[in-house]
Amino acid sequence: MSDKSSLQTDEAVKEPMDTQSEFGEKMIQWRENAGLNRKEFARKLNVSLTAVKNWETGHSTPKATKYSEIAKVLGINVRDMGLDNDLDLDRIGDRIKYARLLRGMSIEAFSYEFGFAIQTVKSWESHAAEVSDASLERISRALKIPFSFFNMENNPHQELADAS
25 MSDKSSLQTD
35 EAVKEPMDTQ
45 SEFGEKMIQW
55 RENAGLNRKE
65 FARKLNVSLT
75 AVKNWETGHS
85 TPKATKYSEI
95 AKVLGINVRD
105 MGLDNDLDLD
115 RIGDRIKYAR
125 LLRGMSIEAF
135 SYEFGFAIQT
145 VKSWESHAAE
155 VSDASLERIS
165 RALKIPFSFF
175 NMENNPHQEL
185 ADAS
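Note that the sequence shown covers residues 25 to 188 in the working numbering.
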């Protein structure tokens, strides 16, 4: 049986190998601080033990859509895991992607659940299309985040913290 969780996809966080190793070391520390062994951690995330080993040894990183679930299991902030490292939160498309990933949703799941065309979401996130205020309102309600998160003059992390 192949391990889908350890595969790199377009949703995976792509990092240089030394950064992956550092991430793996942090993953071990977070897991141990949470009082979990590898097997318990894998079970709570519904992934294989091999996936966890690969993350912790730096052979791969989790899919970006898995980060919020991992953070919840480990009792850490998803930002500590670097989910937003490769995003430019001064761009609306990256804010949409960040909000979606914080909810652990793939583009496909997000599109299906909230009634957006997959290509539309991809075009927003790649900055190829403008996003209407009506769509941002809809995204805000769907993801249960404040509409002010999408105001480019506001700090997105502060907006999320204030909403918590």
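C-beta atoms are modelled at their ideal positions from N, C-alpha and C, and glycine is treated no differently.
Owing to the predicted nature of the structure, the values given are computational and were not obtained by experimental measurement.
For GLU183, the uninterrupted alpha helix (DSSP H) run begins and ends at 180-187, by DSSP. Between PHE47 and MET129, the C-beta spacing is not below 9 Å. GLU80: member of the alpha helix (DSSP H) spanning 73-81, first to last residue. Taking the Cα of PHE174 as reference, the smallest distance to any Cα among SER84, GLY117 and ILE131 is reached at GLY117.
Under the three-pair Cβ rule at 8 Å, the stretch 82-99 counts as touching the stretch 52-60. As the crow flies, the alpha-carbon of ARG127 is around 12 Å from that of LEU107. Looking at the backbone, the Cα of ASP112 and that of LEU73 are separated by about 33 Å. Annotation: HIS83 to TYR136 spans about 32 Å, alpha carbon to alpha carbon. For the pair LEU167 and SER147, the Cα-to-Cα distance works out to about 19 Å.
The continuous alpha helix (DSSP H) containing ARG119 extends over residues 116-126. The closest CA to that of LYS90, considering only LEU69, ASN78 and VAL145, is found on LEU69.
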